[in-house]
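> Residue numbers (my numbering), protein chains in the order written: chain G, 361 to 666; chain S, 982 to 1411.
The beta-carbon is built from N, C-alpha and C at its ideal position, and this holds for glycine as well.
Only a predicted model underlies this, so the values are computations on that prediction, with no experimental measurement involved.
#1: Looking only at C-alpha atoms, which of 643(G), 535(G) and 416(G) sits nearest to residue 545(G)?
#2: Using the Cβ count rule (16 or more neighbours within 10 Å means buried), how would you classify residue 1408(S)?
#3: On a CA-only basis, which of 621(G), 377(G), 424(G) and 590(G) is nearest residue 582(G)? Give me that one, please.
#4: Going along chain S in order, which residues have a C-beta closer than 9 angstroms to the C-beta of residue 450(G)?
#5: For residue 1205(S), which of 1130(S), 1162(S) and 1183(S) has the nearest alpha-carbon?
#6: Work out the CA separation of residue 1146(S) and residue 1115(S) for me, nearest whole Å.
#7: Mind reading off the beta-carbon distance from residue 482(G) to residue 454(G)? Whole number of angstroms is fine, and I expect it under 8 angstroms.
#8: Between the alpha carbons of residue 1006(S) and residue 1073(S), how many angstroms are there, rounded?
#9: By the three-class DSSP mapping on this structure, what secondary structure does residue 1354(S) have?
#10: Can you name the start and end residues of the beta strand (DSSP E) that residue 1370(S) belongs to?
#11: Taking 7 angstroms as the limit between beta carbons, can you name the residues of its chain near residue 1196(S), skipping five residues before and five after?
#12: Start and end of the beta strand (DSSP E) containing residue 1133(S)?
#13: What is the rounded straight-line gap between the Cα of residue 987(S) and the Cα of residue 1356(S)?
#14: Thinking residue 1250(S) and residue 1178(S) are a contact (beta carbons under 8 angstroms), I'd like their distance in whole angstroms, please.
#15: Roughly how far, in whole angstroms, is the beta-carbon of residue 1279(S) from the beta-carbon of residue 1329(S), given that I think they are within contact range, below 8 angstroms?
#16: Within the stretch 1132-1190 of chain S, note down every full alpha helix (DSSP H) run reaching 4 residues or more, in order along the chain.
#17: Among 552(G), 612(G) and 368(G), which one has its Cα closest to the Cα of residue 575(G)?
#18: Only counting the same chain, and skipping five residues up and downstream in sequence, which positions put a Cβ closer than 6 angstroms to that of residue 404(G)?
#19: Straight-line CA distance for residue 1079(S) to residue 1048(S)?
#20: Any idea what DSSP makes of residue 1076(S), helix, strand or coil?
#21: Provide the residue span of the beta strand (DSSP E) that contains residue 434(G), from first to last.
#22: Does DSSP put residue 1036(S) in a helix, a strand or coil?
#23: Output, in chain order, the set of chain S residues within a Cβ distance shorter than 9 angstroms of residue 472(G).
#24: Taking residue 1119(S) as the reference, give the member of 1134(S), 1105(S), 1326(S) and 1392(S) with the closest Cα.
#25: So, helix, strand or coil for residue 1263(S), using DSSP?
#26: Would you list the residues sitting across from residue 642(G) in a DSSP beta bridge?
#27: Would you call residue 978(S) buried or exposed, if buried means 16 or more other Cβ atoms sit within 10 Å of its Cβ?
#28: Can you pull the DSSP bridge partners for residue 1068(S)?
#29: Using the Cβ count rule (16 or more neighbours within 10 Å means buried), how would you classify residue 1261(S)?
#30: Using DSSP's beta-bridge definition, name the partner residues of residue 1120(S).
#31: Could you tell me which uninterrupted beta strand (DSSP E) segments, each at least 3 residues in length, are contained entirely in the stretch 471-546 of chain G, listed from first to last along the chain?
#32: So, at 6 angstroms on beta carbons, what are the nonlocal neighbours of residue 1137(S) in its own chain, with the 5 sequence-adjacent residues on each side left out?
#33: Decide yes or no for the touch test of the stretch 1141-1157 of chain S against the stretch 1184-1191 of chain S: beta carbon pairs closer than 8 angstroms, at least 3 of them.
#34: For a contact meaning CB atoms closer than 7 angstroms, what does residue 477(G) contact in chain S?
#35: Give every residue of the same chain whose Cβ lies closer than 6 angstroms to the Cβ of residue 365(G), excluding the five residues on either side of it in the sequence, and list them in chain order.
#36: Quick test of the definition: if touching needs 3 or more C-beta pairs under 8 angstroms, does the stretch 1031-1043 of chain S touch the stretch 1348-1363 of chain S?
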């Protein structure tokens, strides 16, 4: 199996066949992860560097685990909080990667398009682990994997993404992937956090959770950043929680159970109530487990096609 | 030196002429102009059959970067770029270091312009409207005009304070020089890197909304109604709405003019999709709707000038992630090709109108004497070949910087040479 592109920069424009190939492959790796010995050899002799220009715990650990379980040699480089100017760092780092003959690069960076930039200047396969507000393709893939696992399909599944859509790479990757796979996607949040013309991406826009819950199978809750309040995009966390926080009470008005997702880390009782996060309808921990399998699938497909 | 221009098609908006002529230029002056002139032995013959002779082009919006940022461009490389692009004159913006807000800097820039490239390109400084371009107190406008400044602008930044803008209008009106506004309501554009719309939503990039330009133009027009003696020029206009505002103000008889850049009538924000930092400029590339409005504005005369906003940056400065890259692209050497291809070849403008917008009109806006193509007058000419098809190759640019989104683009029409200040420059295409 071979993907159309030798990098994974985003789900925007990725074909249904490629997404299906990754999800199908992930099924095999999920099975591997349930074995007593969770290591397989396909990336033996390959060197992968994880470049994290932004702090991250779970994505970084998830990638590292996936890489090690495929028997790759792994180096992780974190520069969060580094005082070096971002432009210089990225370009210089790219040159160093070239010099050190690295096979694959996983990059997380605060600037949209950073992984595109990197893919133009290095020979290695580049995997985007989050570029600013642009994309987080492996998160989109693991979310789709989790839903396909639960529902057996993505087609016609009704998914609402709730929260700060404007600044969310998770929202974008989910929108691109899910709409390609035939799901019905909507977004819900304060008008100040819904970007212009998002309807043109094929999603419906809501500003009241009450309007959403009646008709959806899944709510994917995004983390709300306190700094958005500081820059005047919403008045207070209290008001946010009251009107956009996903709670048991609001969800209970639905006629059928709604699956709750969250990319983490959760602000408990801000965007998502604690009882709902821990309820039987929450798949938040499955998302984390599946994340490793999906990342193994991506690494495997890109790393063995050269 | 005597030059005999043969069989050129003279298109001169000043006299209204469009005819095939011979021109004999001796020591910088047009000695003879007529249907056919007998050859002189001492003269250098130049066959201009199929080519156009126009009054010298002026780019009224250029960043020459000197003094202060000579790693990007110098007055010498900028003038070489202008000559190669077909311009006999450029107006340079004051966002240098030191800022052009003092007569000594104005004099320095003009003096350098005379010394470089044989002085073939006239350099007209646009001085800062406020001291240090800080937007707080007026620059010494009378002294600046006295030293040779032709207009006032804090370009790169808007004149944000309405009070300062009012005073800039009042004070500059005494000298009949325009206040050139970089129209941007900055409280709306903080952190923005591209046009805010569908494409910025798709790419997850912070946006610069079009309304920020419109609001500033609206405010300035309101002030202009209050100070009717002032001259207002909107730099690099980019939105349909701001253009509508200029159109309405002109109808009211206010002294408003505006310019558009070739990139704003050629590219849209779709070009940003691959995160090429050579698509990053301010104002940003807008929508298809805006682009069509720019072409319509050129056609109906609302936009009277084409100017490049030539903004050189080094490869190292531009070869970074999108958000970290500086705004701006070079434009002097692609302007004529883009304008001919997108406007004349595409039937938006006649050649006559194109020449007005690249020569006659900008000179009028800046109160520069019109170029007269007549016997006895100083020769200041641009030569065009409308039939040349060529491919943009940034490596061949005379500019020190290569930051152009048009690398590899096929264009039709090219400036092939200029004559000015008794000097003749020909590109390899002439």
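In this structure, then:
#1: On the first chain, position 185 is the one that residue 545(G) refers to. Out of 643(G), 535(G) and 416(G), 535(G) has the C-alpha closest to the C-alpha of residue 545(G).
#2: If you number the second chain from 1, residue 1408(S) lands on position 427. Answer is buried; the Cβ neighbour count reaches 16.
#3: For this step, residue 582(G) is matched to residue 222 along the first chain. The candidate whose alpha carbon is nearest that of residue 582(G) is 621(G).
#4: Here residue 450(G) refers to the residue found at position 90 of the first chain. By Cβ distance, chain S contributes 1301, 1302 and 1305.
#5: As a working mapping, residue 1205(S) is identified with position 224 in the second chain. The option with the nearest alpha carbon to residue 1205(S) is 1162(S).
#6: Reading the second chain from its first residue, position 134 is the one you call residue 1115(S). Reading the second chain from its first residue, position 165 is the one you call residue 1146(S). Distance between the alpha carbons of residue 1115(S) and residue 1146(S): 12 angstroms.
#7: Counting from 1 along the first chain, the entry for residue 482(G) is found at position 122. Counting from 1 along the first chain, the entry for residue 454(G) is found at position 94. Right, the Cβ-Cβ distance comes to about 5 angstroms (below 8 angstroms), so this counts as a contact.
#8: Taking the first residue of the second chain as 1, we reach residue 1006(S) at position 25. Taking the first residue of the second chain as 1, we reach residue 1073(S) at position 92. Using only the alpha carbons, I get a separation of about 29 angstroms.
#9: Within the second chain, numbered from 1, the residue matching residue 1354(S) stands at position 373. Looking at residue 1354(S) - three-state DSSP - the assignment turns out to be coil, as it is neither helix nor strand.
#10: Position 389 of the second chain, counted from the first residue, corresponds to residue 1370(S). Note, residue 1370(S): beta strand (DSSP E), 1362-1372.
#11: The residue you call residue 1196(S) lines up with position 215 of the second chain. Excluding sequence neighbours, residue 1196(S) sits near 1166.
#12: As a first step, residue 1133(S) must be located in the second chain, where it is residue number 152. 1132-1134 is the extent of the beta strand (DSSP E) around residue 1133(S).
#13: Along the second chain, read from residue 1 onward, the residue named residue 987(S) stands at position 6. Along the second chain, read from residue 1 onward, the residue named residue 1356(S) stands at position 375. The straight-line gap from Cα to Cα measures roughly 16 angstroms.
#14: As a working mapping, residue 1250(S) is identified with position 269 in the second chain. As a working mapping, residue 1178(S) is identified with position 197 in the second chain. The beta-carbon distance between residue 1250(S) and residue 1178(S), rounded to whole angstroms, is 6 angstroms. This is short enough to meet the 8 angstroms contact definition.
#15: Position 298 of the second chain, counting from 1, holds the residue named residue 1279(S). Position 348 of the second chain, counting from 1, holds the residue named residue 1329(S). So it is a contact: roughly 6 angstroms between Cβ atoms.
#16: For the stretch 1132-1190 of chain S, the continuous alpha helix (DSSP H) assignments of 4+ residues that do not extend past its boundaries occur at 1143-1154 and 1179-1184, in sequence order.
#17: Sequence index remark: in the first chain, residue 575(G) carries index 215 (1-based). When each option's Cα is compared against that of residue 575(G), the closest is 612(G).
#18: Reading the first chain from its first residue, position 44 is the one you call residue 404(G). Hits under 6 angstroms: 431.
#19: Counting from one through the second chain, the residue named residue 1079(S) turns up at place 98. Counting from one through the second chain, the residue named residue 1048(S) turns up at place 67. The C-alpha of residue 1048(S) is placed about 7 angstroms away from the C-alpha of residue 1079(S).
#20: Translated into positions along the second chain, residue 1076(S) becomes position 95. Correct three-state label for residue 1076(S): coil.
#21: For the purposes of this step, residue 434(G) is identified with residue 74 of the first chain, where counting begins at 1. Looking at the DSSP string, the run of the beta strand (DSSP E) that includes residue 434(G) is 433-438.
#22: Position 55 of the second chain, counted from the first residue, corresponds to residue 1036(S). In the structure shown, residue 1036(S) sits in a strand (DSSP, three-state: E or B).
#23: Walking along the first chain from the start, residue 472(G) turns up at place 112. Correct list: 1174, 1184, 1185, 1186, 1187, 1256, 1302, 1303 and 1304.
#24: As a position in the second chain, residue 1119(S) is number 138, starting the count at 1. Checking every option, the nearest Cα to that of residue 1119(S) belongs to 1134(S).
#25: As a working mapping, residue 1263(S) is identified with position 282 in the second chain. Residue 1263(S): coil per DSSP, three-state reduction.
#26: Sequence index remark: in the first chain, residue 642(G) carries index 282 (1-based). In the DSSP output, where bridge partners are listed per residue, residue 642(G) has 620(G).
#27: Outside the displayed range of chain S (982 to 1411) lies residue 978(S), so it cannot be described from this structure.
#28: In the second chain, residue 1068(S) corresponds to position 87, counting from 1. DSSP, once it has assigned bridges, lists 1038(S) as partnering residue 1068(S).
#29: For the purposes of this step, residue 1261(S) is identified with residue 280 of the second chain, where counting begins at 1. The residue is buried, with at least 16 neighbouring Cβ atoms inside 10 Å.
#30: For the purposes of this step, residue 1120(S) is identified with residue 139 of the second chain, where counting begins at 1. Its beta-bridge partners do not exist; DSSP assigns none.
#31: 485-491 and 518-522
#32: Locating residue 1137(S) in the second chain gives position 156, where the first residue counts as 1. 1076, listed in sequence order.
#33: no
#34: Position 117 of the first chain, counted from the first residue, corresponds to residue 477(G). Per Cβ cutoff of 7 angstroms: 1256 and 1302.
#35: The count along the first chain starts at 1 and reaches residue 365(G) at position 5. Apart from the 5 residues on each side of it in sequence, residue 365(G) has no Cβ closer than 6 angstroms to any other Cβ in its chain.
#36: yes
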